[in-house]
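Reading through the structure tokens given below for one structure.
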Amino acid sequence: MTVDLNSIEKRSAILVILALIILCLVIYWPVQNYEFINFDDNVYVTENSHIQSGFTLDGFCWAFSTKYFDLWTPLVYLSYMFDYQLFGFNAGGYHWTNVIIHIFNTILLFFLFRNLTGAVWRSAFVAALFAIHPINVESVVWIAERKNVLSTFFWMLTMLFYVWYVKQPNWKRYLPVFISFALGLMSKPMLVTMPFVLLLLDYWPLNRTAIHTQNEADIQVTLKTGKEKLSFLILEKVPLFILSAISICIIMNAPQSARTVASIFIQRINNTIFSYAMYLKKLFWPMDLSIYYLYLNVHLWQIFLSATFLIIITILVCKYFRKYPYLPFGWFWYLGTLVPVIGIVQIGDLTMADRYAYVSFIGLFVIIAWGAGQISSKVISLKKPFIFASVFIIVFFTVAAHNQVKIWTNTVTLFEDALKKDPNNHLAYHMIGQEMAKNGENEKALYYYDMAIKANPRFYPAYNNRGLILEKMGKRYEALKSFEKATQVNKFFVEPYYNLGIFYLEDNNLDKSIAYFIKVIEIKPDYIEAYNGLGIALVKKGRIQEGILQFEKALHINPYNKNAQRNLQFALEKMKKSKNTVITP
Numbered sequence: 039m040t041v042d043l044n045s046i047e048k049r050s051a052i053l054v055i056l057a058l059i060i061l062c063l064v065i066y067w068p069v070q071n072y073e074f075i076n077f078d079d080n081v082y083v084t085e086n087s088h089i090q091s092g093f094t095l096d097g098f099c100w101a102f103s104t105k106y107f108d109l110w111t112p113l114v115y116l117s118y119m120f121d122y123q124l125f126g127f128n129a130g131g132y133h134w135t136n137v138i139i140h141i142f143n144t145i146l147l148f149f150l151f152r153n154l155t156g157a158v159w160r161s162a163f164v165a166a167l168f169a170i171h172p173i174n175v176e177s178v179v180w181i182a183e184r185k186n187v188l189s190t191f192f193w194m195l196t197m198l199f200y201v202w203y204v205k206q207p208n209w210k211r212y213l214p215v216f217i218s219f220a221l222g223l224m225s226k227p228m229l230v231t232m233p234f235v236l237l238l239l240d241y242w243p244l245n246r247t248a249i250h251t252q253n254e255a256d257i258q259v260t261l262k263t264g265k266e267k268l269s270f271l272i273l274e275k276v277p278l279f280i281l282s283a284i285s286i287c288i289i290m291n292a293p294q295s296a297r298t299v300a301s302i303f304i305q306r307i308n309n310t311i312f313s314y315a316m317y318l319k320k321l322f323w324p325m326d327l328s329i330y331y332l333y334l335n336v337h338l339w340q341i342f343l344s345a346t347f348l349i350i351i352t353i354l355v356c357k358y359f360r361k362y363p364y365l366p367f368g369w370f371w372y373l374g375t376l377v378p379v380i381g382i383v384q385i386g387d388l389t390m391a392d393r394y395a396y397v398s399f400i401g402l403f404v405i406i407a408w409g410a411g412q413i414s415s416k417v418i419s420l421k422k423p424f425i426f427a428s429v430f431i432i433v434f435f436t437v438a439a440h441n442q443v444k445i446w447t448n449t450v451t452l453f454e455d456a457l458k459k460d461p462n463n464h465l466a467y468h469m470i471g472q473e474m475a476k477n478g479e480n481e482k483a484l485y486y487y488d489m490a491i492k493a494n495p496r497f498y499p500a501y502n503n504r505g506l507i508l509e510k511m512g513k514r515y516e517a518l519k520s521f522e523k524a525t526q527v528n529k530f531f532v533e534p535y536y537n538l539g540i541f542y543l544e545d546n547n548l549d550k551s552i553a554y555f556i557k558v559i560e561i562k563p564d565y566i567e568a569y570n571g572l573g574i575a576l577v578k579k580g581r582i583q584e585g586i587l588q589f590e591k592a593l594h595i596n597p598y599n600k601n602a603q604r605n606l607q608f609a610l611e612k613m614k615k616s617k618n619t620v621i622t623p
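The sequence shown: position 561 = 599 (my numbering), numbered continuously.
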């Protein structure tokens, strides 16, 4: 009786895929009932008129011409437009899109390492860890993090196409590699490290480099390739390096870079070292995950211990680069893919984030899976304990991830959890305050804004929103002081200038009102409501023609703005009634 190994492998692969899908659904099933998070979800979807306009030529052009936080992600915007066509403001639909993409990413990851190594169960374990690790919950559940799951989808496609190209190198097989990589960069520029990861892939498990590794005899016949010089392998990826360079140029923010003085740079290096170590801690114990980690004031001894730990691991993986090639592959995958987001180039006071580990942890998962497999193959007595340990890890992480998902029910539950993890998290106080204000709970909102300011007196948005609440409560003088304080803390923050313009417009102090609206437009030329406010003030002052011009500018930015349409109509009617003014076409 003969056994069809291919048939067994196919059945095993099908079982693995079904198990991976079930694990994802068990963890993420509740998200269909979750809300939008009032933290970037509003910018990307709920308050974005371009997304809500659907698939139009203007919307398409906007998607390819806009940047948010200096990130150029046109495909993400197009995906939101597609979701809006299907689901409108039903947040559950957007959540499910993320979950479905995550499931595809998990399956593609399994196929990638199965095709590379032929090791079905090790590849399955890597994919399972990726599917269920709690640190990945943020990337999957947060609608605004569509860019993470979508870019990873193209990351996986790029690597699979690259494996296909390596089997029979020619330009026709290289073209899908190039296209999928370009699409990935248009989803999130974090993929700029991809060419370096492909070089790691050449080293192991493809074994295309001149370095002889222990696993060469174990490579599948279909993947056996000739050795190539390093210069050829680098030259081969020049088109991909060019795409990476273009992506970096698009997102570069020169003014911010110029402000990075030496002392700040040293502080960021320190935080980078500590963050690398902190991510490793979260790999094994992901119980302190948070939506927002404050900029870390790390002690020198913590930096020293972290650096020592990282150096020791690096030395060890390099020492065994021939005997255990998966060690340097996984370790340098982890270190390298985190470089764009590790904190040297920083957004605001953000030092690290769970979503940054979505791709980077794959390298560590490979080390765990292949390391355990290597040990159990040499020490047979450890095989069963390792199987039990693997099952325990999967169950433990599945439960932990399921609990982590619950935190994302709505904005309040999310940021209340952040406060439990860090009672000094000023952003968490502020976000809860915004939700209280939205629900009309003014006293509670004021409390949370005050707590945010207490935690961080330089957090200028809290002063502005505090002023809005005080106005609602009839405390206009206190509101005025809050708006003014916000402008003192950050002179480039437009919201308080706009609110001051409205404040003086309501007081009929038109000169001050006009000055503040002009200030807003100088800082942010596409601030539609500032043109509206300026137009109203000018019309009230009798300068109707100038007011009409401002309303027209607002409509030029967004032709569907109802306030501008209404105000323009009113101003034109007033112009017609004026005996001393002639309307110009």
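C-beta: ideal position from N, C-alpha, C; glycine also. Values in this document were obtained by computation on a predicted structure and should not be read as measured data.
Around the beta carbon of L484, 16 or more other beta carbons lie within 10 angstroms, which makes this residue buried. With three or more CB-CB distances shorter than 8 Å, the stretch 124-139 counts as touching the stretch 61-79. Counting C-beta pairs with one atom in each stretch, the stretch 459-469 and the stretch 326-333 have three or more that are closer than 8 Å, which means they touch. For the stretch 162-217, the continuous alpha helix (DSSP H) assignments of 4+ residues that do not extend past its boundaries occur at 175-179 and 184-205, in sequence order.
Within a 10 Å sphere around the beta-carbon of R393 sit 16 or more other beta-carbons, which makes this residue buried.
For Q340, the enclosing alpha helix (DSSP H) has its first and last residue at L338 to K357. C-alpha of L576 to C-alpha of V81: approximately 30 Å in a straight line.
Rounded to the nearest whole angstrom, the CA to CA distance from Y396 to A524 is 36 Å. In the three-state scheme derived from DSSP, where H, G and I count as helix and E and B as strand, Y72 is classed as coil.
Spatial neighbours of Y536 in its own chain (CB-CB distance under 8 Å, excluding positions within 5 residues in sequence) are listed in chain order as Y554, F555, V558, Y565, E567, A568 and G571. For Y362, the closest C-alpha among the options Q123, K492, G409 and Q588 is that of G409. The Cβ atoms of F370 and L321 do not sit closer than 8 Å to each other.
The way I'd put it, the stretch 173-182 doesn't touch the stretch 210-227; fewer than three beta-carbon pairs between them come closer than 8 Å.
Close CB contacts of G478 within its chain, under the 7 Å cut and outside five residues either way in sequence, are absent. In this structure, the alpha-carbon of Y542 lies about 32 Å from that of V83. V114 is positioned such that its CB atom lies no closer than 8 Å to that of V404.
For R604, the enclosing alpha helix (DSSP H) begins and ends at K600 to K615.
Runs of the alpha helix (DSSP H) lying entirely within the stretch 511-563 and spanning at least 4 residues, in chain order: 514-527, 532-544 and 548-561. A direct Cα-Cα distance of roughly 30 Å separates Y212 from A407. Distance from the CA of Y598 to the CA of I431, rounded to the nearest whole angstrom, comes to 53 Å. Inclusion of L239 and M194 in the CB contact set at 8 Å is not warranted, their separation being larger than that value.
Going by beta carbons, Y122 and I89 fall inside the 8 Å limit. Contact between F199 and N143 fails: their C-beta atoms lie close to 15 Å from each other, not under 8 Å. Counting C-beta pairs with one atom in each stretch, the stretch 156-172 and the stretch 436-447 have three or more that are closer than 8 Å, which means they touch. In the DSSP assignment, E481 falls within the alpha helix (DSSP H) that extends over N480 to A493.
Burial state of C99 is exposed, judged by a 10 Å Cβ sphere holding fewer than 16 other Cβ atoms.
A distance below 7 Å between beta-carbons, with the five flanking residues on each side excluded, links F530 to the following residues of its chain, in chain order: I561. Within the same chain, and ignoring the five residues on either side of D78 in sequence, the residues whose Cβ sits closer than 6 Å to its Cβ are A182. Distance from the CA atom of N186 to the CA atom of F521, rounded to whole angstroms, is 36 Å. T447 sits away from G381, with the two beta carbons spaced by 8 Å or more.
Counting along the chain, P277 sits inside the alpha helix (DSSP H) bounded by residues V276 to I289. Remark: C-beta atoms of K226 and T111 approach each other more closely than 8 Å. Apart from sequence neighbours up to five positions away, the residues of its chain that approach C356 with a beta-carbon distance below 7 Å are P366, ordered along the chain. The three-state reading of DSSP puts Y106 in strand, counting E and B together. Cα atoms of N547 and N528: separation of roughly 24 Å, rounded to the nearest angstrom.
Around the beta carbon of R49, fewer than 16 other beta carbons sit within 10 angstroms, so the residue counts as exposed.
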